[in-house]
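J.: Take the sequence shown: its letter number 30 is residue 29 in numbering that gives the first Met the number 0, and every next letter is one higher. Pasting a structure here, questions to come.
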Amino acid sequence: MDNWIAYIGVPVTVLVVIFALACVVSMAFSNGVKYPKQQEYTLDQKWDRGPLLFSATEIEPIALPRHAEPNDVDGGSASAKW
0 MDNWIAYIGV
10 PVTVLVVIFA
20 LACVVSMAFS
30 NGVKYPKQQE
40 YTLDQKWDRG
50 PLLFSATEIE
60 PIALPRHAEP
70 NDVDGGSASA
80 KW
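Next comes the structure, spelled out in C-alpha coordinates:
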(Lines of atoms letter the chains of each structure in order from A; the text may use other names.)
(Lines give C-alpha, C1' and ligand atoms only; values in the text may rest on other atoms or scores of the structure.)
Protein backbone atom coordinates (compact mmCIF):
# COMPACT_ATOMS: atom_id res chain seq x y z
CA MET A 0 0.00 0.00 0.00
CA ASP A 1 2.86 2.40 0.74
CA ASN A 2 4.28 1.80 -2.73
CA TRP A 3 0.99 2.88 -4.32
CA ILE A 4 1.17 6.20 -2.50
CA ALA A 5 4.73 6.78 -3.70
CA TYR A 6 4.21 5.65 -7.30
CA ILE A 7 0.81 7.24 -7.93
CA GLY A 8 0.19 9.86 -5.25
CA VAL A 9 3.41 11.85 -5.60
CA PRO A 10 3.28 12.27 -9.41
CA VAL A 11 -0.41 13.19 -9.28
CA THR A 12 0.27 15.75 -6.55
CA VAL A 13 3.18 17.23 -8.52
CA LEU A 14 1.05 17.48 -11.68
CA VAL A 15 -1.80 19.17 -9.81
CA VAL A 16 0.59 21.72 -8.32
CA ILE A 17 2.16 22.41 -11.73
CA PHE A 18 -1.25 22.90 -13.38
CA ALA A 19 -2.41 25.15 -10.53
CA LEU A 20 0.69 27.33 -10.89
CA ALA A 21 0.26 27.46 -14.66
CA CYS A 22 -3.34 28.58 -14.18
CA VAL A 23 -2.32 31.34 -11.77
CA VAL A 24 0.44 32.54 -14.12
CA SER A 25 -1.91 32.56 -17.13
CA MET A 26 -4.49 34.57 -15.17
CA ALA A 27 -1.80 37.04 -14.10
CA PHE A 28 -0.66 37.67 -17.69
CA SER A 29 -4.16 37.82 -19.22
CA ASN A 30 -5.20 40.80 -17.08
CA GLY A 31 -4.55 43.35 -19.84
CA VAL A 32 -6.42 41.54 -22.62
CA LYS A 33 -9.16 43.73 -24.10
CA TYR A 34 -12.26 42.16 -25.59
CA PRO A 35 -14.64 44.01 -27.92
CA LYS A 36 -17.61 45.50 -26.14
CA GLN A 37 -20.87 43.72 -26.86
CA GLN A 38 -23.82 45.87 -27.85
CA GLU A 39 -26.47 45.59 -25.17
CA TYR A 40 -30.02 45.04 -26.39
CA THR A 41 -32.94 46.61 -24.54
CA LEU A 42 -36.64 46.16 -25.24
CA ASP A 43 -37.08 49.72 -26.50
CA GLN A 44 -34.77 49.00 -29.47
CA LYS A 45 -35.97 47.54 -32.77
CA TRP A 46 -34.99 43.89 -33.20
CA ASP A 47 -33.07 43.69 -36.48
CA ARG A 48 -32.26 39.98 -36.55
CA GLY A 49 -34.27 37.10 -37.95
CA PRO A 50 -36.17 34.64 -35.74
CA LEU A 51 -34.32 31.73 -34.16
CA LEU A 52 -36.11 28.44 -33.78
CA PHE A 53 -34.33 25.69 -31.87
CA SER A 54 -35.03 22.00 -31.62
CA ALA A 55 -33.73 20.14 -28.58
CA THR A 56 -32.47 17.05 -30.41
CA GLU A 57 -33.10 14.88 -33.42
CA ILE A 58 -33.89 11.86 -31.22
CA GLU A 59 -37.20 10.15 -31.91
CA PRO A 60 -39.52 9.98 -28.87
CA ILE A 61 -39.69 6.51 -27.35
CA ALA A 62 -42.03 4.76 -24.94
CA LEU A 63 -40.37 4.47 -21.54
CA PRO A 64 -41.14 1.92 -18.82
CA ARG A 65 -41.92 4.66 -16.26
CA HIS A 66 -43.21 8.20 -16.41
CA ALA A 67 -41.23 11.39 -15.76
CA GLU A 68 -37.79 10.08 -16.59
CA PRO A 69 -35.15 12.44 -17.97
CA ASN A 70 -35.33 10.77 -21.40
CA ASP A 71 -39.00 11.69 -21.56
CA VAL A 72 -38.09 15.09 -22.97
CA ASP A 73 -35.70 13.90 -25.69
CA GLY A 74 -36.72 15.08 -29.11
CA GLY A 75 -39.24 17.77 -29.81
CA SER A 76 -39.37 20.97 -31.75
CA ALA A 77 -40.12 24.65 -31.49
CA SER A 78 -42.31 26.85 -33.62
CA ALA A 79 -43.44 30.45 -33.52
CA LYS A 80 -45.18 33.15 -35.54
CA TRP A 81 -43.34 36.38 -36.18
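Don't be surprised by glycine CBs; every beta carbon is placed ideally from N, CA and C.
Tell me whether residue 85 sits in a helix, a strand or coil according to DSSP, three-state version.
T.: In the structure displayed, the chain extends from 0 to 81; residue 85 sits before or after that span and is not available.
J.: Would you identify the three-state DSSP class for residue 20, choosing helix, strand or coil?
T.: Taking the first residue of the sequence shown as position 1, residue 20 is located at position 21. In this structure, residue 20 counts as helix in the three-state DSSP scheme.
J.: Reducing DSSP to helix, strand and coil, say where residue 29 ends up.
T.: Mapped onto the sequence shown, residue 29 falls at position 30. In the structure shown, residue 29 sits in coil (DSSP, three-state: anything other than H, G, I, E or B).
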